[in-house]
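What follows is a single structure, written as structure tokens, with notes after it.
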Amino acid sequence: MKTEHKKLTVGHIGLIIFMVFLVICNIFPILWMFSSAFKLPNELFTNEIHIIPRYPTLNNMKTVFFEYDFFEWLHNTLVSTAWIGVGQIAVSVLAAFGLIYYKTKFNKAVFLILITTMVIPFQVTMIPNYIIISKFRLLNTMTAVVVPALASAAAFFFIYQHFRGVPVAFYEAAKVEGANSFWIFSRVVIPLCKSSISSMFILCCIDGWNQYFWPLLVLTSSKKQTLAIGLQQFLDFEMGNNWGPFMATATLASLPIIIIYLFMQRNIIDAFMSSGLKG
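Every letter in the sequence shown is one number past the one before it in UniProt numbering, and letter 216, counting from 1, is 216.
In structure tokens form, the structure reads like this:
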């Protein structure tokens, strides 16, 4: 049996070249950051472009570990990221299940209100959230970072789409057997959608890990800061920017996200594609 080979047209070749160009544009800054983390100061400011350091050094890493509060930043980032990821998933799955399982005349209105919040920019809610956090005297605490991030319209919509894909027959069969809503939620819906929930959990954690502006507003102590905020301590317009340790910290902060995404990208992409097909 003969296999048909598609001929490459000029358009296909042009598309391939364009995609390769985009890949290079996206990967080069990351490679440059990794390389700069192991370069000497005088090698960072040369006119020659070379990715591999000529004289690799670990001095930048030592500076980050022993002269700054790196491990405090890492601990704070891990704590806030874990709470944000777990909190967003918990709120989203309960809200999605409630809107699907409990039918009322207000369901559609509530759904539209929740989805509408996706288009409201952070700057609109920033000041009210700050005032509320300040009134409760939660400034400079991890609670101030986590609580405003617990409700995510994007996470809710993603999980809602997957919950809608659960066949109605499953709900009806469980009701006939006398199952209550909690049993249906924990034994039917969650097991069927666990792959999409785990994918969304990873994305929520990535979002929490990369938070910058809000923690910058509510965290003042260096011991309470996260990795994203800690990076600014290497930037001093009077004494000069400390680019070597800056790149080393940026590399250490980026590695967990890059590694997780490399291993989980197939699951994440499949979950998003299936969410667009359901309903």
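By construction, the Cβ of each residue, glycine as well, lies at the ideal position given by its N, Cα and C atoms.
Apply the 10 Å Cβ neighbour rule to residue i and answer buried if 16 or more other Cβ atoms are within range, or exposed otherwise.
i	result
L99	buried
I202	buried
M118	exposed
T125	exposed
L227	buried
W183	exposed
Q123	exposed
G178	exposed
Q232	exposed
I89	buried
T116	exposed
T249	buried
Y101	exposed
N42	exposed
G208	buried
V218	buried
M247	buried
Could you have a look at residue i and say whether DSSP puts it in helix, strand or coil?
i	result
D207	helix
S222	helix
T141	coil
L40	coil
M1	With a pLDDT of 47 at M1, under the threshold of 50, the predicted position of this residue should be treated as unreliable, though the coordinate-derived value follows. Of the three classes helix, strand and coil, the one that applies to M1 here is coil, per DSSP.
L235	coil
N26	helix
F65	helix
L277	Confidence in L277 is poor, its pLDDT being 45 and thus under 50, which makes the residue's placement too unreliable to answer from.
T46	coil
R187	helix
E177	coil
I51	coil
N242	coil
T9	coil
residue 300	Nothing in the structure corresponds to residue 300, since the chain is present only between 1 and 279.
P215	helix
L15	helix
Rank the options by C-alpha distance to the C-alpha of residue i and give the top, closest one.
i	options	result
residue 280	L262, W73 and F185	An answer regarding residue 280 cannot be provided, because it is not within the stretch 1 to 279 covered by the chain.
L252	G14, L58, V10 and I197	L58
Q225	L44, I49 and T77	T77
E81	M247, M142, T116 and V218	Reading the sequence as shown, one finds Thr at residue 81 and not Glu. Answer by Cα proximity: M142.
G230	V145, F71, G11 and D207	F71
I258	F34, T9 and G14	F34
P215	F246, V188, S152 and I133	I133
residue 341	G244, R187, H75 and A153	The structure shown does not extend to residue 341, since the chain is modelled only from 1 to 279, so the question has no answer here.
I190	V176, V166 and D207	V166
A153	A174, I113, F45 and M61	I113
Pop quiz: residue i and residue j are said to be a contact at Cβ under 8 Å. What is the actual Cβ separation, rounded to whole angstroms?
i	j	result
V146	W73	Contact flag wrong, Cβ pair sits at about 16 Å.
residue 281	C204	What is shown of the chain runs 1 to 279, which leaves residue 281 out entirely.
I13	V93	No, I13 and V93 are not in contact; Cβ-Cβ is about 46 Å, not under 8 Å.
P245	V64	5 Å
F38	P56	5 Å
M200	I159	6 Å
V91	A151	6 Å
L22	I51	Incorrect: roughly 19 Å between the Cβ atoms, too far for contact.
Taking 7 Å as the cut-off, does the CB of residue i come closer than this to any heavy atom belonging to the ligand NAD?
i	result
Y68	Of ligands this structure carries none, so the ligand NAD is not represented either.
For the stretch 86-165, which segments carrying the alpha helix (DSSP H) assignment without a break, of at least 4 residues, lie completely within its bounds, in sequence order? 107-116, 122-135, 142-146 and 153-164
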